[in-house]
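Participant:
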Amino acid sequence: MRIYKILSVLLLPFVLLCMMFRLFKRTESITSILQRFTICQNKRSGKQVVWFHAVSVGEVNLAIPLVKKILAERNDITCLVTTATQTSAKIFKSHGILGAVHQFLPLDFAFIIRNFLNYWNPKVAVFIESELWPNIINETTKNIPLLLLNGRLSDRSFKNWKLFEKSIARLLKKFSVIFPASQLDYNRFSHFTPDNLELIGHFKYSSPPLGYSKELVAVLKEKLKDNNVFLAVSTHNGEEEMLIKMHQKLKKQVPNLFTIIIPRHPNRIEKVKTIAQNYGMSFITDINNFQDDSEMLLIGAFGVLGNYFKAVEIAFIGGSLLKNLGGHNILEPAKLQTAIIVGPYTSNFKETVDEFQQHKAICIVNDIDELQKELFSLFQDSKYRNQLMLNAKALSKSNEDVSKKAIETIYSYIDG
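So the sequence shown is numbered by the working numbering: it starts at 190 and just counts up by one.
#1: Taking the C-alpha atoms as reference points, what is the distance between Ser218 and Asn310?
#2: Hey, out of Gln224, Leu373, Leu399, His242, whose CA is closest to Val313's CA?
#3: Identify, in the order they occur along the chain, each residue of the same chain with its Cβ nearer than 7 Å to the Cβ of Gln224, setting aside the five sequence neighbours on each side.
#4: Compute the Euclidean distance between the alpha carbons of Asn307 and Leu251, then round it to the nearest angstrom.
#5: Can you tell me which of Asp482, Gln437, Ile302, Gln526 puts its alpha carbon nearest to the alpha carbon of Ile557?
#6: Output the boundary residues of the beta strand (DSSP E) element that contains Leu338.
#7: Would you tell me roughly how many angstroms separate the C-alpha atoms of Leu361 and Ile280, rounded to the nearest one?
#8: Rounded to a whole number of angstroms, what is the C-alpha to C-alpha distance between Ile608 and Asp604?
#9: Gln237 lies in the beta strand (DSSP E); which residues open and close that run?
#10: Just checking, does the region 478 to 492 make contact with the region 539 to 556 on the three C-beta pairs under 8 Å criterion?
#11: Figure out for me which residue from Val198, Phe210, Arg215 has the closest Cα to the Cα of Asn456.
#12: Taking the straight line between their C-alpha atoms, what separation do you get for Asn332 and Lys363?
#13: In angstroms with no decimal places, state the Cα-to-Cα distance between Tyr193 and Leu352.
#14: What residue from Asp481, Gly507, Asn580 has the CA that sits closest to Ala183's CA?
#15: Which of helix, strand or coil does DSSP assign to Val256?
#16: Please list, in chain order, all residues of the same chain as Gln445 whose beta carbon is under 8 Å from its beta carbon, the five residues on each side excluded.
#17: Assuming Ala504 and Val422 make a contact with CB atoms under 8 Å, what is their CB distance in whole Å?
#18: If we require 3 or more residues per run, which beta strand (DSSP E) segments fall completely within the region 464 to 518?
#19: Given 8 Å as the limit, is there contact between the region 361 to 381 and the region 324 to 339, that is, 3 or more CB pairs closer than that?
#20: Taking contact to mean at least 3 C-beta pairs separated by less than 8 Å, is the region 533 to 544 in contact with the region 458 to 470?
#21: Taking 7 Å as the threshold (C-beta atoms), are Ser245 and Ser277 in contact?
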């Protein structure tokens, strides 16, 4: 730990240069940089503070219902939510949660963390999933209980953590309690710290369905009522080109095929549009511009997935056709009764995908050719498609009370 502290101080000039570069690239803003150095922090209330850290989009979506429930139940609490990315910050702020404050996560330097903690004085800290910053953990746990909710360890992280087994074990033992996301994650965490683990279920099962606009869903359904619609979300570089080429082959078998692509990172939408143009696709970026010859809708926006999961019956979840990406959350489409397809690389959600497969609630394909065949089957066989949709929704409703146990644990540290 001492070596890490020394190295972090020595690296401070390089961090400053990195911040300037990120500002130039617009992945940071003046506000985010100032807040990372605990300059220009947001206004405090006089209430007790529960600090949630949710690094990115998935973690924010998990934290939001917990924050809402706590604030609805307790008028003596303020929830401080820190994030690490601009996109996750926008998603959290878009919910306009009264009684919640957002700030960017401070940099992992001991003196900065102390300034952050002295200013906010949280009663309890709650980290979502498994982002470990040694100085943050060390400084926080000196006086404040720290919880890890929905702790996940991917294949890659588990392998990397074992290279620093003793250091990781010391960090994890500083948590008051760790709630692993699954039995597999429990087994992996127990390799480092068996004493502060409690398996209560997967928190994402307990999250409410994504919100959606009834008006937009109605427009989508009306515009596309005569089409066979396929949705691909959270796609990554390399997957979009495969999907566009597949569309051109599949439309020879499936009349009026219409594909919707929503990249994982909205700022990549221009690249996706260029790929579509190179393949001569007739695409739109707004459903209101739909024409009879439109073949594809390309969306570069955050916080919109609920609209499309609600409006479309078949969805492919990206990050799963290419190695080393690990896939993305399948519970969000399941909760809105969607027939789900994933590729072979889903290590980030392995246990969830396995459970869905056991209950015949998901399609798993090995490559883009199998995806094309599976889509043809789903378009042709409505009974098969509907059963997948119903199975997915039923399974996604299990473990809905997991968040109740987590919130009770948070309250025990505030009131104890």
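Ideal Cβ positions, reconstructed from N, Cα and C, are used throughout, including at glycine.
Facilitator: A quick look at the data gives this:
#1: Against the sequence shown, residue 218 aligns to sequence position 29. Against the sequence shown, residue 310 aligns to sequence position 121. The C-alpha of Ser218 lies about 25 Å from the C-alpha of Asn310.
#2: What you label residue 313 is simply residue 124 of the sequence shown in a count that begins at 1. Of the listed residues, the one whose Cα sits closest to Val313 is His242.
#3: Walking along the sequence shown from the start, residue 224 turns up at place 35. Excluding positions up to five away in sequence, the list reads Gln230, Gln292, Phe293.
#4: By one-based count along the sequence shown, residue 307 stands at place 118. By one-based count along the sequence shown, residue 251 stands at place 62. Straight-line measurement puts the Cα of Leu251 at about 27 Å from the Cα of Asn307.
#5: For the purposes of this step, residue 557 is identified with residue 368 of the sequence shown, where counting begins at 1. If we check each option's Cα against that of Ile557, Gln437 comes out closest.
#6: Within the sequence shown, residue 338 is the residue found at index 149, counting from 1. Start and end: 335 to 340.
#7: Within the sequence shown, the letter at position 172 stands for residue 361. Within the sequence shown, the letter at position 91 stands for residue 280. Cα-Cα distance, rounded: 29 Å.
#8: Shown here, the chain extends from 190 to 605; a query on residue 608 therefore has no answer.
#9: In the sequence shown, counting from the first residue as 1, residue 237 sits at position 48. Here the beta strand (DSSP E) through Gln237 covers 237 to 242.
#10: No, because fewer than three Cβ pairs between the region 478 to 492 and the region 539 to 556 fall closer than 8 Å, the two stretches do not touch.
#11: For the purposes of this step, residue 456 is identified with residue 267 of the sequence shown, where counting begins at 1. Among Val198, Phe210, Arg215, the Cα nearest to that of Asn456 is on Arg215.
#12: Against the sequence shown, residue 332 aligns to sequence position 143. Against the sequence shown, residue 363 aligns to sequence position 174. Using only the alpha carbons, I get a separation of about 11 Å.
#13: Position 4 of the sequence shown, counted from the first residue, corresponds to residue 193. Position 163 of the sequence shown, counted from the first residue, corresponds to residue 352. In a straight line, the C-alpha of Tyr193 is about 16 Å away from that of Leu352.
#14: Given that the chain is displayed from residue 190 to residue 605, the structure contains no residue 183 and the question cannot be resolved.
#15: Along the sequence shown, one-based indexing puts residue 256 at 67. Residue state, collapsed to three classes: helix.
#16: Position 256 of the sequence shown, counted from the start, is the residue given in the question as residue 445. The amino acid occupying residue 445 in the given sequence is Asn; Gln does not appear at that position. Excluding residues within five positions, the ones whose Cβ falls inside 8 Å are Asp415, Asn416, Asn417.
#17: Within the sequence shown, the letter at position 315 stands for residue 504. Within the sequence shown, the letter at position 233 stands for residue 422. Contact flag correct, Cβ pair sits at about 6 Å.
#18: Entirely contained in the region 464 to 518, the beta strand (DSSP E) runs reaching 3 residues are, in chain order, 485 to 487, 503 to 506.
#19: Touching, yes.
#20: Taking 8 Å as the limit for Cβ pairs, the verdict is that the region 458 to 470 does not touch the region 533 to 544.
#21: Position 88 of the sequence shown holds residue 277. Position 56 of the sequence shown holds residue 245. Yes, these two residues count as a Cβ contact at 7 Å.
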